[in-house]
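Asker: Dropping the structure in here first, questions after.
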Amino acid sequence: MIKLNFLGRWRVVSWLLLVFVACNLLVRLGLVAFNGDASLWWPQRLLPALLIGMVFDLGVALMAVAPLTWLLLAWPARAWRSLGMLLTVLLLPLIFLMVFVGFSEFTFWNEFASRFNFIAVDYLIYTNEVIGNIRESYNLPVLLSAAGALTLAIWWPVAARVRHLLRAVAIQHRRSHWAIWGVWLLSPVLAWGVLDARYKEFSDNGQLNELAGNGYYDFWHAFWTNEIDYDRFYARLPRNKALRALAGEMAGATRLPVTLSQLPFEREVLNPGPEKRLNVVLVSVESLSAEFLGVFGNTRGLTPRLDQLARDGMLFTRLYATGTRTVRGLEALTLSIPPTPGHSIVKRPDNSHLFSIGEVFKSKGYEPLYIYGGYGYFDNMNAFFGGNGYTVVDRTALKPEEIHFENIWGVADEDLFSLALRELDQRGAAHRPFFAHIMTTSNHRPFTYPEGRIDIPSKSGRDGGVKYTDFAIGQFIDQARQRPWFKDTMFVIVADHTHNGRGKQELPIRNYHIPMIIYSPGHIQPRQVTTIASQIDVAPTVLGLLGMSYRSRFFGQDILKEGLTHQRALMANYQTVGYYERGIMVELKPNARYKVVDAETGKPRPMDDLAQELLTEAISYYQVASEAYQRGDLKLPSR
Numbered sequence: 137m138i139k140l141n142f143l144g145r146w147r148v149v150s151w152l153l154l155v156f157v158a159c160n161l162l163v164r165l166g167l168v169a170f171n172g173d174a175s176l177w178w179p180q181r182l183l184p185a186l187l188i189g190m191v192f193d194l195g196v197a198l199m200a201v202a203p204l205t206w207l208l209l210a211w212p213a214r215a216w217r218s219l220g221m222l223l224t225v226l227l228l229p230l231i232f233l234m235v236f237v238g239f240s241e242f243t244f245w246n247e248f249a250s251r252f253n254f255i256a257v258d259y260l261i262y263t264n265e266v267i268g269n270i271r272e273s274y275n276l277p278v279l280l281s282a283a284g285a286l287t288l289a290i291w292w293p294v295a296a297r298v299r300h301l302l303r304a305v306a307i308q309h310r311r312s313h314w315a316i317w318g319v320w321l322l323s324p325v326l327a328w329g330v331l332d333a334r335y336k337e338f339s340d341n342g343q344l345n346e347l348a349g350n351g352y353y354d355f356w357h358a359f360w361t362n363e364i365d366y367d368r369f370y371a372r373l374p375r376n377k378a379l380r381a382l383a384g385e386m387a388g389a390t391r392l393p394v395t396l397s398q399l400p401f402e403r404e405v406l407n408p409g410p411e412k413r414l415n416v417v418l419v420s421v422e423s424l425s426a427e428f429l430g431v432f433g434n435t436r437g438l439t440p441r442l443d444q445l446a447r448d449g450m451l452f453t454r455l456y457a458t459g460t461r462t463v464r465g466l467e468a469l470t471l472s473i474p475p476t477p478g479h480s481i482v483k484r485p486d487n488s489h490l491f492s493i494g495e496v497f498k499s500k501g502y503e504p505l506y507i508y509g510g511y512g513y514f515d516n517m518n519a520f521f522g523g524n525g526y527t528v529v530d531r532t533a534l535k536p537e538e539i540h541f542e543n544i545w546g547v548a549d550e551d552l553f554s555l556a557l558r559e560l561d562q563r564g565a566a567h568r569p570f571f572a573h574i575m576t577t578s579n580h581r582p583f584t585y586p587e588g589r590i591d592i593p594s595k596s597g598r599d600g601g602v603k604y605t606d607f608a609i610g611q612f613i614d615q616a617r618q619r620p621w622f623k624d625t626m627f628v629i630v631a632d633h634t635h636n637g638r639g640k641q642e643l644p645i646r647n648y649h650i651p652m653i654i655y656s657p658g659h660i661q662p663r664q665v666t667t668i669a670s671q672i673d674v675a676p677t678v679l680g681l682l683g684m685s686y687r688s689r690f691f692g693q694d695i696l697k698e699g700l701t702h703q704r705a706l707m708a709n710y711q712t713v714g715y716y717e718r719g720i721m722v723e724l725k726p727n728a729r730y731k732v733v734d735a736e737t738g739k740p741r742p743m744d745d746l747a748q749e750l751l752t753e754a755i756s757y758y759q760v761a762s763e764a765y766q767r768g769d770l771k772l773p774s775r
């Protein structure tokens, strides 16, 4: 009978472990090169990232090879030769999976400048849209062929080495080898217990920290921490102190009559004078960073129509998005609430009958509409808006002959606006005032649109997506101008988020900068508003311009009134939430960690009185908002 030395089996596991770690190292170095920041190659930066990354790679490798370890331990010696053939077959799909994940990390980094996070987890739910987006954005035959070729190039020598190691037959095992096997079998459990996502936060450079991570570990960590309880994981204040701090923020920042209740964010907003009974059309534009507009210094001529609207209307020059995804923008624009950790409220359970801008308009006799060019089931938009009193109109309302172009995300923006005009015409003809929230999709990878509309070919990149959306918005305004309801309508054009959340800091303030234009000839005088403000302030500002009085449960403020004396912005990136005021960024992180840094440089600031004051303000916003959602205090007040 053949007796095998257990150390020979060890060599097989060790070899596979080495291959996995080496491949992940190559992916990490490839991402460094792909990122395009030469400073990341400095040895004092790169070496710590590589060493920390190796810890993650080794831990994940121990977990990944655990099934093979058990197989090698349990395989009977009499059938040892057949194990080589079995492993040769098994290694082929496993190595292809490893190569595929590596390719996926590059495409994810290209979109989000991050290792896998809860966005990647979310995308597993919407496989049709995600796979469709990849298919339309990339040359899949070429990519899959490259992945297949690389798989074979790795598989053949790895499998040959495994077969060679398996052929090594030696003396009987000794009892001491069982102790070694015990270590191997326990190592995956130890790795799971020892690895901590905080290891990679070793520097003030957000990109460097991401590079130190491991895609496999980050994915599973995001899967398990997709929903984050603020009270359990973030810095807190005693509840009464948090309530008083937020009450002071909202009362001290306003000159309007305010009545505080047991909820510090609940108050009576009283605007003097008669209300303006204007229709409101809010267009939230996919991924429209401020840097694309000519009025903010862009010289590529991508937004001629938006630039003209900015000159003819009210341009807000220092507005900041609350997040890096559409659902964060929808949450802020609709509910006027800080971006609490975890999912946007748009995707959370029990998110109906909430206090929203649509509800305020509805109480004034308006019909709230949500008009979307894609299928509204995506990101739970149908359920969220439908459950909060909106009439939802999505691409299913269009007949095939009404669609000039579509991709996986939705119809072209011009078709979306044609649908919107049809819906608004119906309300206008019935003399029913409307509040319409229109969400565009064309400025999204794969950046495809009808040919002949602009001078940039379809599917040639982000610039084309921006310019086509600008064209579609301009055409929409031109067509609306011919409608009888136009003269009594206010248009609000604002981005849902920017195109790029990446930066050296955890929350790079410049990469959250978005435009907002309010256009209504005869009602809104052209001007620029330079007040620092947040996306959560849009709803109160729109209602303020209409002179509406209402009982508010918004966390935002009217930029043109109380916002003048209380300039601040709130924003989030995955698990880090932030508060920006007076050039300082407060970052709140899981495990009750926080940082107070210079917003421009990312360098830590001393915890002086100002830093402590802003830290208290930041915690009060997020702690009270998170608690309010959990307690149901964001629901419509009883009448």
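According to my numbering, the residues represented by the sequence shown are 137 to 775, in order.
Every residue gets a Cβ at the ideal spot worked out from N, C-alpha and C, and that includes glycine.
Spatial neighbours of arginine 391 within its chain, please: CB distance less than 6 angstroms, with the 5 preceding and 5 following residues excluded, ordered by chain position.
Answerer: For the purposes of this step, residue 391 is taken as residue 255 along the sequence shown, with counting starting at 1. At arginine 391 the pLDDT is 39, less than 50, meaning the model places this residue with poor confidence; the figure from the coordinates comes in the next sentence. Hits under 6 angstroms: none found.
Asker: For a minimum of 3 consecutive residues, which ranges assigned as the beta strand (DSSP E) are wholly contained in the segment 627-667?
Answerer: Here the runs fully enclosed are 649-655, 663-665.
Asker: How big is the Cα-Cα spacing for histidine 309 and leucine 321?
Answerer: Locating residue 309 in the sequence shown gives position 173, where the first residue counts as 1. Locating residue 321 in the sequence shown gives position 185, where the first residue counts as 1. With a pLDDT of only 42 at histidine 309, under the threshold of 50, the placement of this residue in the model should not be trusted, and no figure is reported.
Asker: Quick check: threonine 677 and leucine 414, are their CB atoms within less than 8 angstroms of each other?
Answerer: For this step, residue 677 is matched to residue 541 along the sequence shown. For this step, residue 414 is matched to residue 278 along the sequence shown. No. Outside cutoff.
Asker: Where do the N-terminal and C-terminal ends of the beta strand (DSSP E) with threonine 470 fall, by residue?
Answerer: On the sequence shown, position 334 is the one that residue 470 refers to. From DSSP, threonine 470 is part of no beta strand (DSSP E) but of the alpha helix (DSSP H) over 462-471.
Asker: Quick test of your reading: methionine 707 and threonine 458, contact by CB under 8 angstroms. State the CB separation rounded to the nearest angstrom.
Answerer: Against the sequence shown, residue 707 aligns to sequence position 571. Against the sequence shown, residue 458 aligns to sequence position 322. The pair is a contact, with the Cβ atoms about 5 angstroms apart (cut-off 8 angstroms).
Asker: Taking the C-alpha atoms as reference points, what is the distance between proline 485 and glutamine 766?
Answerer: For the purposes of this step, residue 485 is taken as residue 349 along the sequence shown, with counting starting at 1. For the purposes of this step, residue 766 is taken as residue 630 along the sequence shown, with counting starting at 1. Roughly 10 angstroms separates the two Cα atoms.
Asker: Looking at the structure shown, is histidine 309 part of a helix, part of a strand, or coil, going by DSSP?
Answerer: To locate residue 309, count along the sequence shown from 1; it is residue 173. Only weak support is given to the placement of histidine 309: the predicted model assigns it a pLDDT of 42, under 50, and the value that follows is read from those uncertain coordinates. The answer is coil: DSSP assigns histidine 309 none of H, G, I, E or B.
Asker: Let me confirm a value: aspartate 734 is counted as buried when at least 16 other C-beta atoms fall within 10 Å, else exposed. Which label applies?
Answerer: As a working mapping, residue 734 is identified with position 598 in the sequence shown. Result: exposed.
Asker: Mind checking whether the beta-carbon of lysine 771 lies closer than 7 angstroms to any heavy atom of the ligand FAD?
Answerer: The ligand FAD is absent from the structure shown, which contains no ligand whatsoever.
Asker: Taking just the CA atoms, how far does lysine 603 sit from tyrosine 716?
Answerer: Taking the sequence shown and counting its residues from 1, one reaches residue 716 at position 580. Taking the sequence shown and counting its residues from 1, one reaches residue 603 at position 467. Between tyrosine 716 and lysine 603, the C-alpha separation is close to 31 angstroms.
Asker: Three Cβ pairs or more, each shorter than 8 angstroms: is that satisfied between the segment 498-514 and the segment 558-578?
Answerer: yes
Asker: Where does aspartate 365 land, buried or exposed, given buried means 16+ other C-beta within 10 angstroms?
Answerer: Taking the first residue of the sequence shown as position 1, residue 365 is located at position 229. Per the 10 Å Cβ criterion, exposed.
Asker: For glutamate 717, write down the residues that DSSP places opposite it in a beta bridge.
Answerer: Sequence index remark: in the sequence shown, residue 717 carries index 581 (1-based). Ile720.
Asker: Can you give me the Cβ contacts of alanine 761 inside the same chain, cut-off strictly under 7 angstroms, excluding the 5 residues immediately before and after it?
Answerer: Looking up residue 761 in the sequence shown gives position 625. The answer, listed in chain order, is Ile473, Pro474, Thr476, Phe691.
Asker: Would you decide whether tyrosine 526 is buried or exposed? Buried here means 16 or more other CB atoms lie within 10 Å of its CB.
Answerer: If you number the sequence shown from 1, residue 526 lands on position 390. Tyrosine 526 comes out buried.
Asker: Can you tell me whether glutamine 664 is buried or exposed, with buried defined as 16 or more other CB within 10 angstroms of its CB?
Answerer: Sequence index remark: in the sequence shown, residue 664 carries index 528 (1-based). Flag for glutamine 664 reads exposed.
Asker: Which two residues bound the contiguous beta strand (DSSP E) that contains proline 504?
Answerer: One-based indexing of the sequence shown puts residue 504 at position 368. Note, proline 504: beta strand (DSSP E), 503-508.
Asker: Measuring straight from C-alpha to C-alpha, what distance separates phenylalanine 252 and tyrosine 686?
Answerer: Indexing the sequence shown from 1 puts residue 252 at position 116. Indexing the sequence shown from 1 puts residue 686 at position 550. Rounded to whole angstroms, phenylalanine 252 to tyrosine 686 spans 43 angstroms at the Cα level.
Asker: Would you mind stating whether glycine 699 and aspartate 673 have Cβ atoms separated by less than 8 angstroms?
Answerer: Numbered from 1 along the sequence shown, position 563 holds the residue referred to as residue 699. Numbered from 1 along the sequence shown, position 537 holds the residue referred to as residue 673. Yes, the Cβ-Cβ distance between glycine 699 and aspartate 673 is below 8 angstroms.
Asker: What does a CB cutoff of less than 6 angstroms around isoleucine 290 pick up in its chain, not counting 5 residues either side in sequence?
Answerer: Walking along the sequence shown from the start, residue 290 turns up at place 154. Here the set comprises Ile231.
Asker: Considering only residues of the same chain and omitting the five flanking positions on each side of histidine 540, which have a CB-CB separation below 7 angstroms?
Answerer: Within the sequence shown, the letter at position 404 stands for residue 540. Taken in chain order, the residues that qualify are Ala548, Glu550, Asp551, Pro586.
Asker: Report the residue from Phe521, Tyr513, Gly478, Pro651 whose alpha carbon sits nearest the alpha carbon of phenylalanine 491.
Answerer: Position 355 of the sequence shown, counted from the start, is the residue given in the question as residue 491. Ranking the options by Cα distance to phenylalanine 491, first place goes to Phe521.
Asker: Just verifying my parser: in three-state terms, what is the DSSP assignment at valine 201?
Answerer: In the sequence shown, residue 201 corresponds to position 65, counting from 1. Three-state DSSP puts valine 201 in coil, outside helix and strand.
Asker: Determine the burial state of glycine 465: buried for a count of at least 16 other Cβ atoms within 10 Å of its Cβ, exposed for fewer.
Answerer: Taking the sequence shown and counting its residues from 1, the one referred to as residue 465 is at position 329. Within a 10 Å sphere around the beta-carbon of glycine 465 sit 16 or more other beta-carbons, which makes this residue buried.
Asker: Answer with buried or exposed for leucine 792, where buried requires no fewer than 16 other C-beta atoms within 10 angstroms of its C-beta.
Answerer: Absent from the structure is residue 792, since the part of the chain shown begins at 137 and ends at 775.
Asker: I need the DSSP call for isoleucine 574, collapsed to helix, strand or coil.
Answerer: Here residue 574 refers to the residue found at position 438 of the sequence shown. Strand, per DSSP.
Asker: What separation, rounded to the nearest whole angstrom, lies between the Cα atoms of isoleucine 544 and tryptophan 178?
Answerer: Position 408 of the sequence shown holds residue 544. Position 42 of the sequence shown holds residue 178. The alpha-carbon atoms of isoleucine 544 and tryptophan 178 are separated by roughly 41 angstroms.
Asker: What are the boundary residues of the alpha helix (DSSP H) that leucine 746 is part of?
Answerer: Counting from 1 along the sequence shown, the entry for residue 746 is found at position 610. The continuous alpha helix (DSSP H) containing leucine 746 extends over residues 745-767.
Asker: Select from Glu385, Arg689, Ile613, Ile755 the residue whose C-alpha is nearest the C-alpha of glutamate 402.
Answerer: As a first step, residue 402 is located in the sequence shown; it is residue number 266 there, counting from the start. Checking every option, the nearest Cα to that of glutamate 402 belongs to Arg689.
Asker: Report the option in Val157, Glu385, Val225, Arg297 whose CA atom is closest to the CA atom of histidine 702.
Answerer: Along the sequence shown, read from residue 1 onward, the residue named residue 702 stands at position 566. Nearest to histidine 702 by C-alpha distance, out of Val157, Glu385, Val225, Arg297, is Glu385.
Asker: Can you give me the Cβ contacts of histidine 580 inside the same chain, cut-off strictly under 6 angstroms, excluding the 5 residues immediately before and after it?
Answerer: Taking the sequence shown and counting its residues from 1, the one referred to as residue 580 is at position 444. Cβ within range, chain order: Glu422, Trp545.
Asker: Just to confirm, is the Cβ distance from arginine 454 to threonine 737 under 8 angstroms?
Answerer: One-based indexing of the sequence shown puts residue 454 at position 318. One-based indexing of the sequence shown puts residue 737 at position 601. No. Outside cutoff.
Asker: Would you mind reading off the limits of the beta strand (DSSP E) that contains glutamate 404?
Answerer: As a position in the sequence shown, residue 404 is number 268, starting the count at 1. From DSSP, the beta strand (DSSP E) with glutamate 404 extends over 403-405.
Asker: Would DSSP call proline 229 helix, strand or coil?
Answerer: Position 93 of the sequence shown holds residue 229. It is helical.
Asker: What's the gap between the Cα of aspartate 745 and the Cα of isoleucine 720?
Answerer: Counted from its first residue, the sequence shown places residue 745 at position 609. Counted from its first residue, the sequence shown places residue 720 at position 584. Those two C-alpha atoms are separated by around 13 angstroms.
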